[in-house]
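Q: All the letters of the sequence shown, read from the start, carry residue numbers -13 to 411 under the working numbering.
Heads up, the beta-carbon is just placed ideally off N, CA and C, and yes, glycines get one too.
Here the structure is a predicted model, which is why all the values come from computation and not from measurement.
Structure below; questions to follow.
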Amino acid sequence: MPPVRPFLHPDKNAPLSCGDVSLDSLAKKSETPLYVYSADHLLYRLRLFTEAFSKLPHLVCYAVKANPALAILKLLDQHGAGFDIVSGGELERILVVNKAAAARVVFSGVGKTAGEIDLALRSGILLFNVESEGELDLLAERAAKLRKPARIALRVNPEVFAETHPYISTGLREHKFGIDIRRARAVYRNAAGYKWIEPAGVSVHIGSQIRSAEPFGAAADRLAGLVSQLRKDCLGIRFLDAGGGLGIEYHAAQPFNPEEKVLQYAAALTTALGKLDDITLLLEPGRFLIAQAGALITRVLYVKKNGKKTFIIADAGMNDLIRPALYQAHHEIVPVARPKGARKITVDIVGPVCETGDFFARDRELPPVRPGDLLAILDAGAYGQALASNYNSRSRPAEVLVQGKRARLIRRRETTADMLAVENF
-13 MPPVRPFLHP DKNAPLSCGD VSLDSLAKKS ETPLYVYSAD HLLYRLRLFT
37 EAFSKLPHLV CYAVKANPAL AILKLLDQHG AGFDIVSGGE LERILVVNKA
87 AAARVVFSGV GKTAGEIDLA LRSGILLFNV ESEGELDLLA ERAAKLRKPA
137 RIALRVNPEV FAETHPYIST GLREHKFGID IRRARAVYRN AAGYKWIEPA
187 GVSVHIGSQI RSAEPFGAAA DRLAGLVSQL RKDCLGIRFL DAGGGLGIEY
237 HAAQPFNPEE KVLQYAAALT TALGKLDDIT LLLEPGRFLI AQAGALITRV
287 LYVKKNGKKT FIIADAGMND LIRPALYQAH HEIVPVARPK GARKITVDIV
337 GPVCETGDFF ARDRELPPVR PGDLLAILDA GAYGQALASN YNSRSRPAEV
387 LVQGKRARLI RRRETTADML AVENF
């Protein structure tokens, strides 16, 4: 089994590498802050899903919101993945990579606009995950106007609780997502009355960063029951979208076996589907595929003492990686250079942004570092660059994709001219 993360020291004296490529060499060439991703690790995680579900008709639809880099989308498309999107802009990215890939796109999201719906209809996407009756009415109107059929699944709330951060829990009635499962059958009957609407699936997504397979099985079990009811209503339901949300372990000290997790997940879903036949399972992993394939590389600017506190001030900030500030999320942070056995010290690792919330770690033990040293913030491949901003008029980082011994720049660093180009005065 490959290591949980692709960032390793190739020998006892070598700096941290991504696969066969030194992070130190990448930082010298592309400067910092810098996102680095392993294509090999991403494809390994994709294979875990395709192999675990090989006995079921299925399609792995990568959640584009996790990391929408065109090079990553192209790589996944070349290996047969589908895509889960939540905006017209994400669909535009898929179309740039490969127009034919639209046939493997599932469109989720609570606030689809008429323009986004029209683009998806014209592009011939696989499925709309409808999240409200108002959206269904608008979709029916646009489909009739364009004379384009729309395959739909209702995203239902199965009332399954999953232990995760409250900001990323989505499967209960009090959340903005989906339709109450008790109301779903009636909404499907209404949908069947529209000429250009084809009820073809059912959908669920109960949240993100869920590390137990049990809630997924419980949700799928309720969906399987709904499918049986809908088929009794003479609806040709042939897709079951189990959503995404399978979590990773951000803490290095806690054991994590990705292959075992995917097998547990597959077993839970397969058991829940039972004897349900003629169904294609749609899966929407994002974080699980890309998070641990990526790291944010940052350079130490200053080491500062304030009383008993020691601050490591880095050139990356919360605008580059907001997860610690937004979710109090934990990321492992390691020096790129091999530590020389020095005793660890307790530090806060912070950025240059003018906010007290601009931190990556507080009271973290770290080997002593000096200005100019490089740090790698691990597990940053998901919701890192995707959530990056220009706050404090800071440029967003460059991105590099490593495959084998080859490293290529897939996004150049923004310039001030790039930021100012869209403004008038």
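Mind listing, in chain order, the continuous alpha helix (DSSP H) runs of no fewer than 4 residues lying wholly within the stretch 325 to 383?
A: You should have found no qualifying run.
Q: Is there contact between the stretch 271 to 284 and the stretch 28 to 36, where contact requires at least three CB pairs shorter than 8 Å?
A: yes
Q: Compare the Cα-Cα distances from G110 to each of L122, K134, G97 and E127 and report the closest residue.
A: K134
Q: Please work out which residues of its chain come closer than 7 Å, Cβ to Cβ, to R63, disregarding the five sequence neighbours upstream and downstream, and give them in chain order.
A: The sequence given here places Asp at residue 63; Arg does not occur at that position. Hits under 7 Å: V83, N84 and A87.
Q: Could you name the residues of the same chain whose beta carbon sits closer than 6 Å to that of E400, not counting the 5 residues immediately before and after it, in chain order?
A: S381 and R382
Q: If we require 3 or more residues per run, which beta strand (DSSP E) segments fall completely within the stretch 235 to 278?
A: 266 to 269
Q: Is T257 buried or exposed, if buried means 16 or more other CB atoms sit within 10 Å of its CB?
A: exposed
Q: Could you name the residues of the same chain whose beta carbon sits closer than 7 Å to that of R348, not counting the 5 residues immediately before and after it, in chain order?
A: D334
Q: Does H151 pass the burial test, meaning 16 or more other C-beta atoms within 10 Å, or should it be called exposed?
A: Caution applies to H151, whose pLDDT of 42 falls short of 50 and renders its modelled position unreliable; the value that the coordinates give is listed next. Around the C-beta of H151, fewer than 16 other C-beta atoms lie within 10 Å, and the residue is accordingly described as exposed.
Q: Can you give me the C-alpha to C-alpha distance between R356 and L282, rounded to a whole angstrom?
A: 18 Å
Q: Would you kindly check if the distance between the Cβ of D6 and the Cβ of V386 is under 9 Å?
A: no
Q: Can you name, in chain order, every residue of its own chain whose Cβ lies under 8 Å from the Cβ of S118, other than the five neighbours on each side?
A: V96 and I165
Q: Going by the DSSP bridge assignment, what does P185 pair with across the sheet?
A: I138
Q: By Cβ distance below 8 Å, which residues in the same chain neighbour F345 in space, the five residues on each side in sequence not counted?
A: M304, P310, A311, D334, I335, V336 and G337
Q: State whether the stretch 175 to 185 contacts the stretch 122 to 129, with contact taken as three or more CB pairs (one from each stretch) at a distance under 8 Å.
A: yes
Q: Where does E117 fall in DSSP's three states?
A: coil
Q: Can the beta-carbon of T266 be found less than 9 Å from the beta-carbon of L45?
A: yes
Q: Can you name, in chain order, every residue of its own chain whose Cβ lies under 8 Å from the Cβ of G101, other than the five neighbours on each side?
A: G74
Q: Using the beta-carbon count (16 or more within 10 Å), is L406 buried or exposed?
A: So L406 counts as exposed.
Q: In three-state DSSP terms, what is T18?
A: coil
Q: Mapping the DSSP letters down to three states, classify G280 as helix, strand or coil.
A: Strand.
Q: May I have the straight-line CA-CA distance separating D306 from A25, to the nearest angstrom?
A: Here the alpha carbon of D306 sits roughly 21 Å from the alpha carbon of A25.
Q: DSSP state of L307, grouped into three classes?
A: coil
Q: Could you check what DSSP says for E385 in three-state terms: helix, strand or coil?
A: strand
Q: Less than 9 Å separating the beta-carbons of V339 and Y377?
A: Yes.
Q: Thinking C-alpha only, which one of A130, L107, E121 and V92 is nearest L113?
A: V92
Q: Below 8 Å on the Cβ atoms is my contact criterion, and I expect A437 with A52 to pass it. Report the Cβ-Cβ distance as a whole number of Å.
A: In the structure displayed, the chain extends from -13 to 411; residue 437 sits before or after that span and is not available.
Q: Leaving out the 5 sequence neighbours to the left and right, which residues in its chain are closer than 6 Å to S8 when beta-carbon positions are compared?
A: P1
Q: How many Å lie between E200 and L105 at the Cα?
A: 37 Å
Q: Exposed or buried, what is F202 when buried is set at 16 or more other beta-carbons lying within 10 Å of its beta-carbon?
A: buried
Q: Locate the beta strand (DSSP E) running through A87, then write down its first and last residues.
A: That residue, A87, is in no beta strand (DSSP E); it is neither H nor E in DSSP.
Q: Quick one, which of V320, Y21, Y23 and G222 has its alpha-carbon nearest A238's?
A: V320
Q: By the DSSP assignment, the beta strand (DSSP E) with Y48 in it spans what residues?
A: H44 to A49
Q: Apart from the five residues on each side of it in sequence, which residues of its chain come closer than 7 Å, Cβ to Cβ, to T156?
A: Unreliable placement is indicated for T156, whose pLDDT of 45 sits below 50; no coordinate value is reported for it.
Q: In terms of DSSP beta bridges, what is N434 paired with?
A: Outside the modelled stretch of the chain, which goes from -13 to 411, sits residue 434, for which no answer is possible.
Q: Per DSSP, what kind of secondary structure is R(-9) in: helix, strand or coil?
A: coil
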